[in-house]
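In my numbering, the protein residues as written are -7 to 285.
Each residue gets a CB set at the ideal place from its N, CA and C atoms; glycine is no exception.
Only a predicted model underlies this, so the values are computations on that prediction, with no experimental measurement involved.
Okay, structure first, notes after.
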Amino acid sequence: MSSKVALIGLGRMGSGIAANIMKRGMELVVWNRTATKMAPVVAMGAKAAGSAKEAAASAEIVVTSLMDDKSILDSLNGENGILAGLKAGGVHLCVATISPDFADELTRIHSEHGSYYVSGPVVGRPNAALTGELVSYLAGDPAAMDIAKEVAASYSKGVYVVGKNARAANTIKLCINYSVVSIIEIIGEVYALAEKSGTDPGIINEFYQSAFAHPALKGYGNKILNRDFRSEGGFALTGGRKDVTLMLDAAKQCGVALDIGSLILARMDAAIEEGLSDLDWSVFTEFIRGRGA
């Protein structure tokens, strides 16, 4: 199968995804609200569209790599939106971290339109998107799954179909992200205890480097130890706060208390108030160790 793909959203994650779609030999048309971000991808062989509608009209599947619910809805609706161009039977694959409830809404919107929706949230940082080493969790209409799997495989080292109900994939993504951000909190707490006890936290980090199998967790151990919160190739604090809010909301609906999440959200808010929004989301650990210490 050789698919015609449209990609909406060329931030750090979307640009890496675009590069890998083209490496698989798929035809790619792109659109981004900030037009200058299309130039590097067009230089690699993609076609630039003048609107989301134009991009969707030329594709069998539209991939959205956007920040949040509002940006996704804005790209869907209106006379120049995705729905205005997407043909009946077309597929919308969303790789962003969104709420399970919003996945239900997108399923409804596409059903009424005569198209298909698949949730395909990815696990991995933008540098993993560039190297094609993301992990994708897909859920949605089985009629759309073959083409969604083909496209997701182009930028993923693992693709897992987790159900027919789109919200299932988003629930799994929130569970994974909650695990990661909770471990980040624990790392920050342990380093603070070691430092304030006059002990070298680097010794604890050596344990983490052997105990954490996942490279991202090893990376956070080093990042927090060295207080290196540059966000190049990483995940900015504003995006992390959005994800933690989604985690807490989803848990509340199910009657589950994510107590560590509430604590993390408060620390993230403190970091944002100090102007640290563009740094890596793990910067909130500075408010465990003592800001500026």
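I'd like the list of long-range same chain contacts for residue i, defined as Cβ closer than 8 Å, with 5 residues on each side in sequence excluded.
i     : result
M(-7) : In this prediction, M(-7) scores a pLDDT of 48, lower than 50, which makes its location untrustworthy; the coordinate-derived value is nonetheless stated afterwards. Around M(-7): D138, I139, E142.
S291  : The displayed coordinates of the chain run from -7 to 285. Any statement about residue 291 would go beyond what the structure contains.
N69   : L75
G82   : A48, A51, E52, I53, V54, S107, Y108
L220  : The sequence given here places Asp at residue 220; Leu does not occur at that position. N214.
I101  : L68, L75, Y109
L257  : R233, V236, T237, L240
Which same chain residues, not among the five before or five after residue i, have their C-beta less than 6 Å away from its C-beta?
i    : result
E278 : none
R290 : Shown here, the chain extends from -7 to 285; a query on residue 290 therefore has no answer.
I13  : V(-3), L20, S146
A80  : G106
A285 : Interpretation of A285 is limited by its pLDDT of 41, a score under 50 that renders its predicted location unreliable; no figure is taken from the coordinates.
R281 : A184
E181 : I280
I168 : V115
L126 : V114, G116, A120, Y147, S148
K39  : V21
G150 : V127
T99  : Y109, A158
G37  : M14
Could you tell me the boundaries of the alpha helix (DSSP H) in which residue i lies?
i    : result
H84  : It is not in any alpha helix (DSSP H) - H84 instead sits in the beta strand (DSSP E) that spans 83 to 86.
E181 : 159 to 188
K141 : 137 to 147
L75  : 74 to 77
R283 : Here R283 belongs to no alpha helix (DSSP H), and DSSP marks it neither H nor E.
Keeping to the same chain, check which residues put their C-beta closer than 7 Å to that of residue i; ignore five residues upstream and five downstream.
i     : result
K234  : D60
Q201  : K210, G213
F227  : R117, D272, W273
R16   : S146
S(-5) : M18, E52, I53, I139, E142, V143
S174  : I252
P134  : K156
G6    : L(-1), S57
P92   : R159, N162, T163, A242
A136  : V83, Y108, V110
What whole-angstrom Cβ distance do residue i and residue j have, given they're in contact under 8 Å?
i    : j    : result
S274 : I195 : At roughly 20 Å, the Cβ-Cβ gap does not stay under 8 Å, so S274 and I195 are not in contact.
Y109 : I9   : Actually they do not touch by this definition, with Cβ atoms about 18 Å apart.
Y129 : K156 : About 13 Å separates the two Cβ atoms, so there is no contact after all.
A203 : N162 : Actually they are not in contact, since the Cβ atoms of A203 and N162 sit about 29 Å apart, beyond 8 Å.
T230 : S269 : 5 Å
S57  : A88  : 6 Å
G111 : A158 : Correcting the residue identity first, residue 111 is Ser in this sequence and not Gly. That belief holds up - the Cβ atoms of S111 and A158 are roughly 4 Å apart, short of 8 Å.
W23  : A41  : 4 Å
E104 : G77  : Not a contact, Cβ separation roughly 16 Å.
For residue i, report the span of its beta strand (DSSP E) as first-last.
i     : result
L(-1) : -4 to 0
E19   : 19 to 23
Is there a Cβ from chain D that is less than 8 Å from the Cβ of residue i?
i    : result
Q201 : Here there is only one protein chain, and chain D is not present.
Cβ contact (3+ pairs, closer than 8 Å) linking the segment 25 to 40 and the segment 115 to 127: At 8 Å Cβ cutoff, the stretches do not touch.
Whole alpha helix (DSSP H) elements within the segment 192 to 276, 4-residue minimum: 193 to 203, 207 to 218, 229 to 245, 251 to 265
Length at least 3, wholly inside the segment 101 to 134: the beta strand (DSSP E) runs in chain order: 108 to 111, 126 to 132
Touching by the beta-carbon criterion (3+ pairs, under 8 Å), the segment 185 to 199 and the segment 241 to 248: no
Start-end ranges of the alpha helix (DSSP H) lying completely within the segment 0 to 62, minimum 4 residues: If you keep only unbroken alpha helix (DSSP H) runs of at least 4 residues inside the segment 0 to 62, you get 4 to 15, 31 to 35, 44 to 49.
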